[in-house]
Amino acid sequence: MKSALLALLAAAAAPCAAQPSPAEWAFTMPLRVESPGLVKVRLPMPLVSEAQPSLGDLRLLDSSGQEAAFLTQSPARTDAVTVALESFQSSLSAGRTNASGQVSRSQRELVFDGLRLQTPAPDFLKAATVEVSPDCAVWRTAARSQPLFRTREGAEKLEVSFPPSRAACARLSLDDIKSQPIPVQGLELRAQAAEPAGLDRVSGELLDDSSDASQTRIRLQLPAANLKLASVRLETSQPMFMRRVSLLSRVYRDGNIQEDTLGEGTIYRMAAAGAGSAESLRIPLMAQVPGREVVVRIANGDSRPLSVKRVEFEVVPTELIFFSQQAGDYTLLAGNPAAPARNYDVGSFADRMKLASFETARLGPLASNPGFQPAEPLPGVPEAGSPLYVSAWRFRKRVVLAQGGLQSLELDLEALSHDQNRFADLRLMREGLQVPYIMDNTGVLRSFSPQLERLKDVKRASLWQVALPYADLPVTHLRCSANQSLFQRSVRLYGERQDSRGDLERELLGSASWTRTLYQSMDDLVLPLSRYPAQPRLVLEIDNGDNPPLRLQSCQCFYRSAKMLFKASPGRDLFLYYGQPEAGAPSYDLSLASRELLSAQPAKASLSSEEALKVKPWWEAPKPTGMMRYAFWGVMLLVVAVLLGVIARLLPSEAASTPGQPKG
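Our numbering puts the first residue of the sequence shown at 1114, with every later residue one more than the last.
Here it is as structure tokens:
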């Protein structure tokens, strides 16, 4: 059978009719085959990173320069099989909940390595002991005092793992001594799941991390692009915690760049009453990341942010399989975005190769192709679009480019403030033509320090003025610190907004409770805002009750950054226009190249100082408020009175209008 397979592969691996031009590929990698036959080699990450996400541009050339047929594959995960126990029984006895069941006779040859609890209980923490029996008579303890839990926030652990074994019956015992019993509706045994063999382990390089009122975001760079991730693991020294964790990547959808969830799960380190400690820091995945950048999002709830020392990933390798009729040298080509994927006949034999034996090969280093003729960055992506008359736009900033190609431009606070309708009015202009762009709203969390001023206290409350540099800033939350160590305060943040008459009325932007006990560290106040402040003046109100007022040390305002991705070359003037409330969001064909834009590494562009192009007409100018409104109308009445007096003096008298007529 092996000889027949090799004969078929030899026929399928005949040189292809259409041969590639190596000058169109950016990278090469030498490959040395020592013995003829069926060859399998693991592709290194640097090569996978330079290829298309689908590896469709890979080409294999033999020593004569002829293209050789091959196939690529990755080890697959064998999913777990769950078996519901029959003849289920549940009972209470002496501070314990006991549940048991039997495995159907047709499934007793399976090897089990876990038991899952089925319960509707919304919030619990129990120590669980699992016993299994091969004949329902002699029992063996498979796991003892393992924590099972579910929280109201959605985190849960309902499975107990144990060494692989066959079982005809299983039973579960829950410790109810320190908590109320929970209803048990059923039990499931989990048959062994097999992870892909030969996984690689890599660490993510920290780009930045930030925490707001409810979550922590860790932005990481993987060592290569196009990696297939099998799991993510977080390392932390925190002794007891439970967090919901998601792994995100950037995708283009609905006109802007958003975040897609690659996988999520719960990590924990904890101990139940009567149980030993247990931890689970790994989240299973099976997803490919087209680029190199990912985000780990940790839901903190009302707890302190989790301190993460390291993030480690398990990577599923990619294997190259081909038939070599003789020993010799081969060359792998990669790095041609325009190359179509090949569909070789050898791919139809993939299932028959599972039990085949393979020869090995030695790979050399990845090298730049000296004959490569580089094209312009992102060919086909236009730098100029349709013309636009921008007389209605009120502001602009010059865009400074350090180099050509793909650019990333982050909006500063001034542009965010004067942007009238949240990015819809943004236009990049060069010599009267629009420069197409796409918005990236997955930016990092930025902060700035507002001016903080103590105001006069009123009714047992401390008042602090928080002065922002601009109005209409997209502030998401406020963080403040104080040096007292024992207190409990209710805190509210107020802003101002104009009503229909032009008066400024107070509006509540957010509230929070700030507590420090003897056993807590010096936690800061984190106050989320329910809406963006319309005016630059905010007032922080702290209810002191009968206690001395808190002394604030500092405050920080946080906002989510926004970026524009576009292609441009330095030289001619490039401007960012904004401040047109009636403008609609643009629609560019650039969105069709979103995958290439997300995979490429952009250069960082910057903004210069703001230029005011157009003053608001008087009917759009801010209306006077408070005492200024009364002063305004007083001045207007005075002007009208003066004008009437001048007109009266200029009008001729009645006597002068009828000369020669006697008076009276």
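For every residue, glycine included, the Cβ atom is placed at its ideal position computed from N, Cα and C.
Mapping DSSP to helix, strand and coil, what is residue i?
i: L1707; result: Per the sequence shown, the amino acid found at residue 1707 is Ser instead of Leu. Three-state DSSP puts S1707 in a helix.
i: Q1220; result: helix
i: V1297; result: coil
i: L1763; result: helix
i: P1233; result: coil
i: W1506; result: coil
i: G1414; result: coil
i: S1362; result: strand
i: A1136; result: helix
i: S1292; result: coil
i: S1613; result: coil
i: G1317; result: coil
i: A1584; result: coil
i: G1758; result: helix
i: V1557; result: coil
i: W1106; result: This structure leaves residue 1106 out entirely; the chain is present only between 1114 and 1777.
i: S1719; result: strand
How far does the alpha helix (DSSP H) with residue i in it reach, from first residue to last?
i: L1160; result: 1158-1163
i: E1566; result: Careful: E1566 lies outside any alpha helix (DSSP H), inside the beta strand (DSSP E) at 1564-1567.
i: A1778; result: An answer regarding residue 1778 cannot be provided, because it is not within the stretch 1114 to 1777 covered by the chain.
Classify residue i as buried or exposed, calling it buried when 16 or more other Cβ atoms lie within 10 Å of its own Cβ.
i: F1561; result: exposed
i: F1436; result: buried
i: N1660; result: exposed
i: A1447; result: buried
i: G1311; result: exposed
i: P1563; result: buried
i: Y1502; result: exposed
i: N1456; result: exposed
i: Q1778; result: Limits of the chain in this structure are 1114 at one end and 1777 at the other, which puts residue 1778 out of reach.
i: F1471; result: exposed
i: K1717; result: exposed
i: M1353; result: exposed
i: N1596; result: exposed
i: Q1601; result: exposed
i: Q1259; result: buried
Between residue i and chain D, is there a C-beta pair that is closer than 8 Å?
i: S1278; result: Looking for chain D here will not work: only one protein chain is present.
Considering just the uninterrupted stretch of the beta strand (DSSP E) at residue i, what are its terminal residues?
i: L1622; result: 1617-1629
i: E1272; result: 1272-1278
i: S1530; result: No beta strand (DSSP E) holds S1530; the alpha helix (DSSP H) holding it covers 1526-1531.
i: M1552; result: 1550-1553
i: L1333; result: 1328-1334
i: R1172; result: 1172-1174
i: Y1690; result: 1688-1691
i: Y1672; result: 1665-1673
i: E1348; result: 1340-1348
i: R1209; result: 1209-1215
i: E1147; result: Unbroken run through E1147: none, as it is neither H nor E.
i: E1523; result: 1518-1523
i: Q1597; result: Looking at the DSSP string, Q1597 is not in any beta strand (DSSP E), and its letter there is neither H nor E.
i: Y1443; result: 1441-1447
i: V1652; result: 1650-1656
If you draw a straight line from the alpha carbon of residue i to that of residue j, how long is it in whole angstroms?
i: D1313; j: A1164; result: 19 Å
i: R1673; j: A1400; result: 27 Å
i: R1190; j: T1374; result: 20 Å
i: E1654; j: L1529; result: 27 Å
i: Q1328; j: L1261; result: 24 Å
i: W1138; j: T1444; result: 12 Å
i: Y1607; j: P1765; result: 59 Å
i: A1250; j: R1284; result: 12 Å
i: H1590; j: V1409; result: 20 Å
i: D1458; j: I1434; result: 13 Å
i: A1584; j: T1628; result: 31 Å
i: E1724; j: S1682; result: 22 Å
i: P1235; j: L1271; result: 12 Å
i: D1686; j: P1549; result: 15 Å
i: E1620; j: R1610; result: 7 Å
Residues in the same chain with beta-carbon distance under 7 Å from residue i, minus the five sequence neighbours each way, listed in chain order, please.
i: S1721; result: K1510, R1511, V1513
i: A1120; result: In this prediction, A1120 scores a pLDDT of 48, lower than 50, which makes its location untrustworthy; the coordinate-derived value is nonetheless stated afterwards. Same-chain partners within the cutoff: there are none.
Note down, in chain order, each residue of its chain lying with its Cβ closer than 8 Å to the Cβ of residue i, except the 5 sequence neighbours on either side.
i: S1420; result: T1349, S1350, Q1351
i: P1715; result: G1518, L1519, Q1520, S1521, L1678
Beta-carbon within less than 6 Å of residue i's beta-carbon, same chain only, minus the 5 sequence neighbours each way: which residues are those?
i: E1432; result: K1153, R1155, Q1186
i: A1256; result: V1243, V1273, F1275
i: W1732; result: Residue placement at W1732 is flagged as unreliable, the pLDDT there being 45, under the threshold of 50; a coordinate-derived value is accordingly withheld.
i: G1758; result: none
Hey, is residue i close to the ligand ADP, as in C-beta under 7 Å from one of its heavy atoms?
i: S1721; result: No copy of the ligand ADP appears in this structure; indeed no ligand is present at all.
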